[in-house]
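What follows is a short report on a single structure.
Residue numbers (this note's numbering): 264 to 454.
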């Protein structure tokens, strides 16, 4: 089933500054952009602010959208870029967490992972240090390569790869902990 897209007629009306069309564009994209921005932010309020900034930028740049690509991807790219700009402006340093003792993802971890809901997994990802979370989102969710991540964040490719590896190990730890907490304790046998 083909994915629905924002109509060309409404897009043209947005380019002409028609408020009803702009409201329709906002209603169409806001929920998706809130999910995207939410993966990069520490708070819902921060994500909402970045969604608003995204729409300001979208409406400013809309006349330059040539229509050669998919509008959804173009809008999403603007949101991700703003999130990364915000991250760079706020990040004082990359978090270094000693994960040498963390085990690799085991089959038990994968079993625990399949038991988590999408929201539970997103909540665990949100608990990762900023650097790890940003690289994990860009690589695993947005589909960026390590070269693209390095260019976007101003880091080395190997740093991106290392951050991703550490993020995965820490996430595996968090998944194991979540599985341990949610697993019911066996009741003692009463005879």
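Note that CB positions come from ideal geometry on N, CA and C, so glycine has one too.
Under the three-state DSSP convention, the category residue 456 falls into: Lying outside 264 to 454, the shown extent of the chain, residue 456 is not represented and no answer is given.
Hey, out of 417, 346, 270, 285, whose CA is closest to residue 304's CA? Looking at the Cα atoms, 346 is the closest of the given residues.
Rounded straight-line distance, which links the Cα of residue 406 to that of residue 420: 15 Å
Residue 428 to residue 412, Cα distance in whole Å? 14 Å
Three-state secondary structure (DSSP) of residue 402: helix
Please report the distance separating the alpha-carbon of residue 352 from that of residue 300. 15 Å
For the alpha helix (DSSP H) containing residue 278, list its first residue and its last residue. 271 to 278
Measuring only the C-alpha atoms, how far is residue 272 from residue 292? 16 Å
Residue 417: first and last residue of the uninterrupted alpha helix (DSSP H) it sits in: Segment: none, residue 417 is in no alpha helix (DSSP H) and carries neither H nor E.
Assign residue 435 to buried or exposed, taking buried as 16 or more other Cβ atoms, counted over all protein chains shown, within 10 Å of its Cβ. So residue 435 counts as buried.
Can you say whether residue 279 is buried or exposed, counting buried as having 16 or more other CB atoms within 10 angstroms of its CB? exposed
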